[in-house]
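Here's the structure, in structure tokens; my notes come after.
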Amino acid sequence: MRRIPVRAGIQNFEHFEIAKICFEEVTVDDVMKVKENFLNSPSTIKHLQLFFHRFPNQDHLIESFGQPYRNTDNFFIAQQKSWFFRRPDNHVLFIDLSGNFLVFNIKSLDDVPQGAAVIG
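Counting from 1, one number per residue, gives the positions in the sequence shown under the UniProt record's numbering.
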């Protein structure tokens, strides 16, 4: 099945625990909204995959979040840009940008790769 972009705003999906959604365009503002939602949610099982056709100004993520973690053990994984944000509990928000999709996931603090910075 082909990924057909939805026209609804990202805020319409904040209550989902687990979802895969395709948008025509994702913005840095959308990423910030999802980030705040995940950081403030009591859930530790939230998982969101955002597929997109366009992500203008995605270099602004580095300006906002700092340099991403890059796994250099695998060429394909090395193309990923990953950030880890501390939550109030013993978990982190993992944001991964790779190709034309973003992944937001709650992980245990113990799952953060060695050498990766935890922000916050």
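Built from N, CA and C at the ideal position, the CB exists for glycine as well.
In the structure shown, the three-state DSSP call for residue 25 is strand. A direct Cα-to-Cα measurement between residue 94 and residue 107 gives close to 7 Å. Annotation for residue 62: the continuous alpha helix (DSSP H) segment containing it runs 60–65. Our two residues, residue 19 and residue 67, have alpha carbons roughly 27 Å apart in a direct line. In the DSSP assignment, the residues bridged to residue 50 are 21, 102. Non-local beta-carbon contacts of residue 34 in its own chain, meaning distances under 7 Å to residues more than five positions away in sequence, involve 10, 48, 104 in chain order. Cβ contact annotation for residue 31 (same chain, cutoff 6 Å, sequence separation greater than five): none. When the beta-carbon positions are compared, residue 26 and residue 52 come within less than 7 Å of each other. In the structure shown, the three-state DSSP call for residue 110 is helix.
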